[in-house]
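Below: one structure, written as structure tokens.
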Amino acid sequence: MPIIFKILRVAAEKCSYNGPLWNNIGMCFFSKGKYVAAISCLKKAIYLCPLDWKINFNLGLVHYAMQQYASAYHFFSSAVNLNPRSSIVYMALAVILTSLNDPINARKAYEKAILLDKNSTPQLYLNFALFEAKQGNSDKAMEYLKQFENMKRKNFILPQVCHCLKSLLSKNQNCRYSHRLNSAHVV
Numbered sequence: 001m002p003i004i005f006k007i008l009r010v011a012a013e014k015c016s017y018n019g020p021l022w023n024n025i026g027m028c029f030f031s032k033g034k035y036v037a038a039i040s041c042l043k044k045a046i047y048l049c050p051l052d053w054k055i056n057f058n059l060g061l062v063h064y065a066m067q068q069y070a071s072a073y074h075f076f077s078s079a080v081n082l083n084p085r086s087s088i089v090y091m092a093l094a095v096i097l098t099s100l101n102d103p104i105n106a107r108k109a110y111e112k113a114i115l116l117d118k119n120s121t122p123q124l125y126l127n128f129a130l131f132e133a134k135q136g137n138s139d140k141a142m143e144y145l146k147q148f149e150n151m152k153r154k155n156f157i158l159p160q161v162c163h164c165l166k167s168l169l170s171k172n173q174n175c176r177y178s179h180r181l182n183s184a185h186v187v
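127 is the number that full-length UniProt numbering gives to position 127 of the sequence shown; each next residue is one higher, with no gaps.
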């Protein structure tokens with residue numbers, strides 16, 4: 001058993017009514033792929049701190065990892081209501097709405113996330129570019145990909161991520177930017 005679990009077990013024995021502690025324990029289980037244990041700990045955390053947006057967000061992540069999209073939507077929606085100024089929460093909501101085949105509301109959630117973002121979240125632009133590419137909107141996808149690449153240069157993001165998106169866009173038969181994608185330089 002990793003040392004962090006031993007430390008958290010001692011902490012839980014001394015203070016079992018601490019929501020953030022149970023949140024941390026749950027996310028440790030999540031990192032080990034033990035989703036049922038993670039949900040159990042996070043449910044205890046949310047029972048203790050029902051208005052903590054981070055716990056709701058983490059429950060959404062675990063449910064998303066288990067492909068329980070309706071449950072993930074419930075918790076991400078709660079996180080949005082509890083913290084309406086977080087671009088990351090809106091991005092997660094958009095990803096879930098995409099998984100639930102609701103592209104109209106997913107696009108609205110992405111747009112809201114971009115309004116809230118201060119150009120500090122590159123993955124937001126990457127996810128929006130992927131979304132637009134899958135929807136067949138090559139122009140918009142390229143626009144967000146360019147923003148992502150500009151942020152990538154500033155923040156050093158792995159080149160493999162760009163290659164994945166470029167290959168997705170280049171597979172699109174109607175993509176008029178395929179020549180740019182093939183000649184683009186990824187650092």
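Ideal Cβ positions, reconstructed from N, Cα and C, are used throughout, including at glycine.
Just so you know, these numbers come straight off a predicted model, no measurement behind them.
> Do Pro-122 and Met-142 have their C-beta atoms closer together than 7 Å?
Replying inline: no
>> Using the three-state DSSP reduction, which class does Met-66 fall into: helix, strand or coil?
In response: coil
> Among Asp-139, Ala-79, Asn-119 and Phe-131, which residue has its Cα nearest to the Cα of Arg-153?
Replying inline: Asn-119
> Ala-37: which of Lys-112, Met-66, Gln-135 and Asn-127 sits nearest, CA to CA?
Replying inline: Met-66
> Taking the alpha carbon of Phe-29 as the point to measure from, which residue in Phe-128, Leu-21, Pro-20 and Cys-41 has its own alpha carbon closest?
Replying inline: Cys-41
> What separation, rounded to the nearest whole angstrom, lies between the Cα atoms of Ala-129 and Leu-93?
Replying inline: 16 Å
> Hey, how far is the Cα of Asn-24 from the Cα of Ala-133?
Replying inline: 36 Å
> How about Leu-130: is its Cβ closer than 6 Å to a heavy atom in the ligand MG?
Replying inline: Although the ligand MG was asked about, the structure shown includes no ligands whatsoever.
> When DSSP labels each residue in this structure, what does Ser-138 get in the three-state scheme?
Replying inline: helix
> Using the rule of at least 16 other Cβ atoms within 10 Å of the residue's Cβ for burial, across every protein chain shown, is Ser-78 buried or exposed?
Replying inline: buried
> Residue range of the alpha helix (DSSP H) that Arg-107 falls in?
Replying inline: 103-116
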